[in-house]
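One structure below.
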Amino acid sequence: MNGLIVRVFVLAVLPVVTLLAGGMVMDRWSGRVNLGTTGDARPLYLRWQGYDADAVKAHWEAIGAEAGLGAERSFLKIDLFFPFLYGGVLAACIGVAWHLLGRAAPLPWLLLPVLLGCIADWVENSVQLGQLGHFLADPETVNASWVRVASVATQCKLGLLFAAYAVVAVLGVQIYRKG
Numbered sequence: 345m346n347g348l349i350v351r352v353f354v355l356a357v358l359p360v361v362t363l364l365a366g367g368m369v370m371d372r373w374s375g376r377v378n379l380g381t382t383g384d385a386r387p388l389y390l391r392w393q394g395y396d397a398d399a400v401k402a403h404w405e406a407i408g409a410e411a412g413l414g415a416e417r418s419f420l421k422i423d424l425f426f427p428f429l430y431g432g433v434l435a436a437c438i439g440v441a442w443h444l445l446g447r448a449a450p451l452p453w454l455l456l457p458v459l460l461g462c463i464a465d466w467v468e469n470s471v472q473l474g475q476l477g478h479f480l481a482d483p484e485t486v487n488a489s490w491v492r493v494a495s496v497a498t499q500c501k502l503g504l505l506f507a508a509y510a511v512v513a514v515l516g517v518q519i520y521r522k523g
């Protein structure tokens, strides 16, 4: 029974630790960890309600200075690869749980929120990176339509990744109940 509890705990906690630790590492590598928190410095990638072009400009103006926006650009570039890491860990945990449950459900359906969440994350980062280039050239050239695409991608990513973590939790409970 103790081994079962450990397995379920690892399956549930590993994806969360990967996400949180990865975010901290990306902050350090990009230099974002040194940014101040004046103005609207709340990260765009955590905005459940989305954002518009004015909010993006306000966010990047709050980061300010060339060094701060350089760190933001570095973060976005690194974050293009991060979905492969956390998505891979999430998919592996779902796959292991699926195997432990005797392959009771179609695996592709269980993995769909992970795949779609990672695609949405990549779209979000790609569009923000492109729009940051426009902002650096002239803040008035930030395109509201592309920002809306990034905003919808952010909202989809957050919802889909919540669903993927819920799949892990439900599978973990089923493994525990199965004993």
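The working numbering numbers the first residue of the sequence shown as 345 and each following residue consecutively.
No residue lacks a Cβ here, since even glycine has one placed at the ideal position from N, Cα and C.
Here V458 is not near L358, since their CB atoms are 8 Å or more apart. Boundaries of the alpha helix (DSSP H) around V400: 397 to 407. The residues R376, F419, I422, D423, F426, in chain order, have a CB closer than 8 Å to that of M370 in the same chain once the five nearest residues on each side in sequence are set aside. When secondary structure is reduced to three states using DSSP, V493 falls in the helix class. Going by DSSP, G412 is part of the alpha helix (DSSP H) stretching over 410 to 423. A contact is defined here as three or more CB-CB pairs under 8 Å, and the segment 465 to 482 meets this definition with respect to the segment 492 to 499. In its chain, beyond the 5 residues on either side, A488, V491, R492, S495 have a beta carbon closer than 8 Å to the beta carbon of D396. If you check the CB distance, L460 and A435 do not come in under 8 Å. Contact between G439 and L451 holds: CB atoms are separated by about 7 Å, below the 8 Å threshold.
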